[in-house]
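Numbering (the UniProt record's numbering), first residue to last: 1 to 167.
C-beta: ideal position from N, C-alpha, C; glycine also.
Written below as structure tokens is the structure these notes are about.
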């Protein structure tokens, strides 16, 4: 089964074929999971492609976003989980999509013109991530405005199994 994250989502895969196991595994290399190199310096296959790529990329690479996501998984005691480490960049990208949706559409005024998070919005964005998990006992993911380059099956499986994302 493919997890249904929410009923009004419309995600579009750009390929008519499902990604092969090799394609999915090629998105993570076990040797660099403990590397301290910032994620934006090592090119990796991206989960999405879309019209708003430039603004979302700026948002995702904003230092506050990876910090918020890292802290979230650390506090859930999942930061050292094998599946998390193997699929970390895809998990982060999917969660960043949801945070971007919140900052851009639900809470206008949190983003700068280039897509980066305003300094004063970091705490509010972090609270949104925790509230979506704590109040609903599940992580709410909003990714409907994104067109996917490939389906991040292992990332969604991890989020479903460990963060209560609905199937």
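Quick one: Cα of residue 105 to Cα of residue 56, how far? Using only the alpha carbons, I get a separation of about 13 Å.
Below 8 Å on the Cβ atoms is my contact criterion, and I expect residue 95 with residue 69 to pass it. Report the Cβ-Cβ distance as a whole number of Å. Separation of the CB atoms of residue 95 and residue 69 is rounded to 5 Å, and the pair is thereby assigned contact status at 8 Å.
On the DSSP bridge list, what partners appear for residue 111? Answer by DSSP bridge pairing, in chain order: 117.
For residue 71, the nearest candidate out of 100, 127, 151 (CA to CA): Among 100, 127, 151, the Cα nearest to that of residue 71 is on 127.
Taking three-plus beta-carbon pairs below 8 Å as touching, is the region 149 to 160 in contact with the region 77 to 92? A contact exists between the region 149 to 160 and the region 77 to 92.
Please classify residue 115: is it buried, with 16 or more other beta-carbons within 10 angstroms of its beta-carbon, or exposed? Label assigned to residue 115: buried.
What are the start and end residues of the alpha helix (DSSP H) that includes residue 70? First-last of the alpha helix (DSSP H) with residue 70: 64 to 75.
Let me check understanding here. Comparing Cα to Cα, which of 99, 158, 80, 83 lies closest to residue 66? By alpha-carbon distance to residue 66, the top candidate from 99, 158, 80, 83 is 99.
Give the straight-line distance between the Cα atoms of residue 58 and residue 117, rounded to the nearest whole angstrom. When rounded, the distance between both Cα atoms is 9 Å.
Confirm, please, whether the CB-CB distance from residue 162 to residue 78 is below 8 Å. Note that the C-beta distance between residue 78 and residue 162 is below 8 Å.
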